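Each residue of the sequence shown is one higher than the last, beginning at -15 in my numbering.
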Amino acid sequence: MLIAAGIALAGPAALSAAPELAETRSALKEWVEIKKLISEESSKWVVEKETLNESIDLLQKEIDKLQAAIERQEEEQTDAERVRAELTREEEALKQASAIVKNNIGDLEAQALELVKYLPKALQSKLTIITQRIPKNKREIDASTLSNRVMSIIGILTEIEKFNSQITVENEIQDINGEKVRVDTIYIGLAVAYYVDGTQTEAGYMLPAKDGWTKVPNNALAPKIANAVAMQKKEMTVNFVNLPIEITDIQ
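Structure below.
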């Protein structure tokens, strides 16, 4: 009876504590879930933080590359500006030089054509095409370019220099004693020339002069001149030949 009475007394107390116990269990369960969620979020954050750090490193590398590229571009731009400035100066200098040439090209052409009159006939013939390109009147001047006019003068001077730097043998017609005689003429540059006919009876030397070199007959030189011509043509062994030379002022 006592046991029954105790159970009867405890019953109401247990019934009154049941809701509190349920709430405690529910709270404990929620707390466990929250701790679990916090742990999971912490783990995720560690992974995400590592990923973010890697991303930051990659972005920093890209930034460094871009900065280096910008610096190179700035350097190249500076170099380009320097080159551009240099080209501008050169262009200006060329314009000034071109203006000077343009103002004097007429006189240079006249001097070149006058110089041609002092050259041997063979060289004059070789320069015919070039001298014909030199404009002789306003219509030809207007039709020609400055560069072509300059190149014509350079072409004449180049051929003159080439002829003057070597020994040349020409087979040509000379007016001797009123007759046309075929002779071999050996030119020592543009300083002096020696001529001899095929029979070695007519010989002499020539000096530069306008519109035809001046002939100085000297038939006694025929054998020596013939030998000099043969040596130049590689028809005999080379040896020394004494020939007269006269230096005169060209008028």
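Built from N, CA and C at the ideal position, the CB exists for glycine as well.
A quick note: this is a predicted structure, and the numbers were derived from the prediction, not measured.
Under the three-state reduction of DSSP, P201 is assigned to strand. Below 8 Å, enough C-beta pairs join the stretch 94 to 109 and the stretch 176 to 195 to call them touching: three or more.
Annotation: the stretch 93 to 134 contains the following complete segments of the alpha helix (DSSP H) (minimum length 4 residues), in chain order: 105 to 110, 112 to 117, 122 to 127. As for any alpha helix (DSSP H) of minimum length 4 sitting wholly inside the stretch 140 to 219, the runs are 206 to 216, ordered along the chain. Taking a contact to require three or more Cβ pairs closer than 8 Å, the stretch 140 to 153 and the stretch 123 to 130 do not qualify as touching. Sorting K49, E143, I89, E17 by C-alpha distance to the C-alpha of I113 places E143 at the top.
Straight-line spacing of the CA atoms in E7 and K19 works out to 18 Å. Of the residues G162, E58, K146, L50, the one whose Cα lies closest to the Cα of Y171 is K146. For the 8 Å CB-CB criterion, T115 and L97 form a contact.
DSSP, reduced to helix, strand and coil, places L227 outside both helices and strands of the structure shown, so it counts as coil. Burial is judged here by how many other beta carbons sit within 10 angstroms of a residue's own beta carbon; A177 has at least 16 and is buried. Check the Cα spacing between V167 and each of A175, I160, D181, N161: the tightest is with D181.
Assigned with DSSP and collapsed to three states, T8 falls in helix.
For a cut-off of 8 Å, the C-beta gap from T185 to A206 is around 7 Å, short enough to register as a contact.
Take E32, set aside five residues on each side of it, and no residue of its chain has a beta-carbon closer than 8 Å to its own. Out of Q216, T221, G188, the CA that lies nearest to the CA of L227 is found in G188. Excluding the 5 residues flanking it on each side, K164 has same chain C-beta neighbours closer than 7 Å at I157, in chain order. A64 has its alpha-carbon roughly 12 Å from the corresponding atom of R56.
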